[in-house]
Ligand code: KIV
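In the working numbering, the protein residues as written are 2 to 272.
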């Protein structure tokens with residue numbers, strides 16, 4: 002009997018082929034083994050170990066506080082649960098903007114210590130040197146343009162980006178540059194659908210959207226948002242597929258009641 006796995010892993014080349022044949026790419030975030038395993042077995046194409054872990058796992062207001070060591074811990078946990086999906090890990094704030102040498106060092110740590118297949122970085126022209134240096138080490142890079150949460154203190158708000166002509170033009174140019182230097186994909190966050198359409202039609206690499214409309218090559222959402230674990234975050238682009246906050250609350254309340262009225266454990270639930 003063969004013990005070989007027959008699961009065909011998703012690679013950056015598989016994603017490129019999906020774009021070519023017009024098959025949409027599905028992507029969600031995950032930060033731990035158990036959730037990553039569920040997503041992977043459900044057939045998700047890409048799992049992003051996002052620095053949104055800073056918000057939904059650690060309770061910070063922004064993505065800025067999460068450290069490289071913490072991202073590595075989350076990524077190691079996710080990779081252990083995944084057989085098929087491509088795992089992409091965010092380079093956290095402050096680990097690549099300073100200089101390209103530091104950026105490469107951060108990316109190498111993620112690849113060496115987690116077993117993930119790619120990293121993601123926020124920004125265009127201003128981080129191009131770091132992107133190139135990481136790519137030259139053979140590490141696949143996913144770009145991230147539009148609303149880039151690591152720059153929230155520059156933007157001041159989480160409103161839709163690139164509505165004006167100047168910012169839209171820069172975004173189109175940044176996307177071109179990221180593709181030219183060799184990024185395998187780009188995420189566009191919270192920008193007008195028509196702008197995302199232009200970028201997608203002009204790019205040979207897959208463009209994944211979050212709040213960027215339907216003309217892109219794939220979609221990504223933060224897992225805790227789409228499952229309804231988070232409740233306070235309700236942007237227009239977010240479709241909630243569940244209300245886990247309510248479901249978990251009800252389950253926990255049932256458990257509390259059962260313990261209080263000495264219904265749990267019963268005769269069959271003890272030794
Ligand atoms: O960190 C994250 O979850 C992300 C997504 C919003 C794309 O970057």
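Glycine is no exception: its CB is placed at the ideal position from the N, C-alpha and C atoms.
Under the three-state reduction of DSSP, residue 106 is assigned to helix. If you draw a straight line from the Cα of residue 52 to the Cα of residue 74, it is about 12 angstroms long. Checking the DSSP bridge columns, you'll see residue 123 partnered with 145. With respect to the C-alpha of residue 136, the residue from 165, 205, 173 and 181 having the closest C-alpha is 181.
The ligand KIV has no heavy atom closer than 7 angstroms to the beta-carbon of residue 225. Taking residue 220 as the centre and dropping the five residues before and after it, the same chain places the C-beta of 25, 26, 27, 28, 209, 210 and 211 closer than 8 angstroms to its C-beta, in chain order. The Cβ atoms of residue 173 and residue 187 lie no closer than 8 angstroms to each other. Excluding residues up to 5 positions away in sequence, 48, 82, 83, 84, 85 and 86 lie with their Cβ nearer than 8 angstroms to the Cβ of residue 41 in the same chain. Residue 31 places its beta carbon less than 8 angstroms from that of residue 224. The beta carbon of residue 113 is closer than 6 angstroms to none in its chain, skipping five residues each way along the sequence. If the five residues before and after residue 118 are omitted, its C-beta is found closer than 6 angstroms to the C-beta atoms of 87 and 88, all from its own chain and listed in chain order. By the Cβ test, the region 118–129 is in contact with the region 149–157, since at least three Cβ pairs between them sit closer than 8 angstroms. For residue 167, the enclosing alpha helix (DSSP H) stretches over residues 166–182. Under DSSP, residue 220 shares a beta bridge with 27 and 210.
The nearest non-hydrogen atom of the ligand KIV is 7 angstroms or more from the C-beta of residue 45. Rounded to whole angstroms, residue 255 and residue 233 show a C-alpha spacing of 24 angstroms. A straight line joining the alpha-carbon of residue 106 with that of residue 165 spans about 36 angstroms. Counting along the chain, the unbroken alpha helix (DSSP H) around residue 257 starts and ends at 245–261. Scanning its chain for C-beta atoms nearer than 8 angstroms, with the 5 sequence neighbours on each side dropped, one finds around residue 240 the residues 222 and 227, in chain order. Note on residue 257: under 16 other CB atoms within 10 angstroms of its CB, so exposed under the neighbour-count rule.
The ligand KIV has a heavy atom closer than 7 angstroms to the beta-carbon of residue 221.
Around the CB of residue 147, 16 or more other CB atoms lie within 10 Å, so the residue is classed as buried.
In the three-state scheme derived from DSSP, where H, G and I count as helix and E and B as strand, residue 21 is classed as helix.
Per the coordinates, the alpha-carbon of residue 92 lies some 33 angstroms from the alpha-carbon of residue 247.
Excluding the 5 residues flanking it on each side, residue 80 has same chain C-beta neighbours closer than 7 angstroms at 88, 115, 116 and 117, in chain order. If you look at residue 186, you'll find it in the beta strand (DSSP E) that goes 186–190. In the DSSP annotation of this structure, the continuous segment of the alpha helix (DSSP H) that includes residue 196 starts and ends at 194–203. By the neighbour-count definition (other C-beta atoms within 10 Å, threshold 16), residue 242 is an exposed residue. The three-state secondary structure of residue 91, taken from DSSP, is strand.
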